[in-house]
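Residue numbering for the sequence shown follows our numbering, beginning at 13 and increasing consecutively.
Where is the CB? At the ideal position from N, CA and C, for every residue including glycine.
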Amino acid sequence: MTISLWQRTPANEEITCEVAIVGAGITGLSAALELEAQGRSCVILEADWIGSKASGRNAGYLMRGGAENYALTADKIGREAAAFVWKWTEENLRGLKALGIESTPGYAARPSCLIATSEDEEAELRRAVAMMREDGFAAEIVEATDPPQDPIWWSGKPRLGLVNPHDAVCSPMELIDLLGAGLSSTPVFEQAEVYRMEQVDGRVCLRTKPITVHASRVLLCTNAYGAQLAPSLAEIITPHRGQMLAMKPKHASNARLEYSYYINRGSEYVRSAPNDQIIFGGARTYHAANEATANDDTTAEVQEHLESFVRELITDEYTITARWSGIMGFTPDGLPVIGAVPVNGIDDGKVWFCGGLTGHGMSMGYTTARHSVRVMLEDEHTRFSINRFD
Ligand SMILES: Cc1cc2nc3c(=O)[nH]c(=O)nc-3n(C[C@H](O)[C@H](O)[C@H](O)COP(=O)(O)OP(=O)(O)OC[C@H]3O[C@@H](n4cnc5c(N)ncnc54)[C@H](O)[C@@H]3O)c2cc1C
């Protein structure tokens with residue numbers, strides 16, 4: 013955003029703090045919790061409202077693992093690194109449980125199930141299960157010959173399922189509220205889009221319309237919008253739209269799924285939601301060029317595609333209750349990014365970024381953001397360094 017000469021009235025309030033966080037999604041709120049735990053002063057500046065972007069618009073899977081299954085991840089980044097990511101997401105869920113996520117109304121301990129619909133993917137998932145078990149991770153197989161009662165298996169499409177028995181789901185906004193409620197000393201300013209950062213008297217000065225903040229360090233938790241304030245991020249973080257719908261099947265029994273499903277290598281996902289509803293998301297990979305955008309409108313073509321999956325996999329008797337979309341920040345290797353980013357005129361090392369959670373911010377955002385604060389302030393070693401793309 014730019015601000016015209018006429019809009020540039022002096023901000024009403026000025027605040028000085030150690031760290032200014034930009035963005036009040038899962039990442040920004042979790043980072044603030046870590047800063048408070050360390051006794052440091054911090055402020056959150058949010059362009060819109062808390063949880064207004066991806067963090068409040070996702071499917072609520074608290075799922076072990078990353079964007080790909082264990083076998084594919086190990087092929088890409090190495091087996092030891094894959095095991096690290098899986099443990100990282102387990103730690104994320106443990107952290108959220110310690111915060112109290114289990115007592116939120118939308119939380120349910122519900123296994124996730126990766127479904128193979130092709131021969132290749134079936135072989136991949138069988139290999140993934142074998143590797144996970146060898147590496148000490150619980151994983152079960154559901155055979156199409158002995159399926160659960162969920163309607164998805166009646167379609168004849170699934171050939172096999174890989175079950176993560178200890179996964180869970182939650183309401184994304186309840187998680188956001190839980191994180192926000194954990195803050196005691198951090199002011200969160202909504203409707204405070206940072207439109208400019210500059211260095212003044214050795215501090216970073218962050219300008220928003222209602223407030224000006226002077227901070228020793230800045231942590232950008234702006235996810236898909238990272239490049240707007242730190243242009244070099246455009247090479248690493250790319251925005252991708254994820255569209256979803258919620259529907260109510262005519263027969264409530266069709267809405268009560270035993271597992272949260274992940275289909276077509278995560279391209280589609282479907283799970284039960286409160287009040288006998290089902291949420292269905294994805295179809296992005298079939299419309300990849302259009303969906304590589306930061307515009308969060310829904311489109312008729314993707315929504316119709318999602319409905320065709322609903323008819324094929326659940327039921328053709330339903331009422332749509334909601335349609336929406338959100339913007340994810342993807343990285344080239346599907347893993348988060350933490351590191352200092354250059355911003356014109358500001359000393360190196362003062363502005364940092366944590367983001368690029370590539371569709372898995374619920375599953376790893378809390379741990380990653382808390383870790384990013386320790387990387388920034390205490391030089392903790394990180395596997396998610398931005399320098400890996402140099
Ligand atoms: C449809 C969909 C389904 C998903 N499903 C799942 C799932 O089931 N499980 C899972 O683990 N992950 C899922 N994800 C991914 C997950 O939602 C994200 O990884 C996560 O929410 C990212 O959190 P964040 O805080 O980094 O970013 P965001 O929530 O996008 O927050 C960034 C914030 O920065 C603010 N901001 C940006 N620029 C500025 C500025 N200049 N000044 C002030 N504020 C600014 C924005 O307004 C925004 O509030 C899904 C995502 C989508 C879109």
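Name the DSSP bridge partner or partners of V363?
V230
Which of the three DSSP states, helix, strand or coil, is assigned to T224?
strand
Whole angstroms are fine: how far does the CA of W98 sit from the CA of L108?
16 Å
Cβ-Cβ separation, M259 to Y330 (assumed contact under 8 Å), whole Å:
4 Å
Do you know offhand how far L57's Cα is from E202's?
6 Å
Just to confirm my understanding: we take E186, look at its own chain, exclude 5 residues before and 5 after, and list those with CB closer than 6 Å. What are they?
T116 and G118
Within the present structure, is the beta-carbon of R69 separated from the nearest heavy atom of ligand 1 by less than 7 Å?
yes
CA-CA distance, R335 and D359?
44 Å
Could you please give me the residues that DSSP links to H252 through a beta bridge?
M340
What are the partner residues of G173, as DSSP defines its beta bridges?
I127 and V154
Any chance the CB of K221 is under 7 Å from a heavy atom of ligand 1?
no
Through-space distance from L174 to A135, alpha-carbon basis
11 Å
Does the distance between the C-beta of I339 and the nearest non-hydrogen atom of ligand 1 fall short of 7 Å?
yes
Tell me the rounded alpha-carbon separation between R145 and C233.
35 Å
Are there any heavy atoms of ligand 1 lying less than 7 Å away from the beta-carbon of A236, as far as the coordinates show?
yes
Under 7 Å from any heavy atom of ligand 3, does the C-beta of Q240 make it?
Looking for ligand 3 in the displayed structure turns up nothing; the ligands present are ligand 1.
Kindly identify the DSSP beta-bridge partner or partners of C54.
V31
Is there contact between the stretch 238-250 and the stretch 337-353, where contact requires at least three CB pairs shorter than 8 Å?
yes
Just checking A43 against ligand 1 - is the residue's beta carbon closer than 7 Å to any of the ligand's heavy atoms?
no
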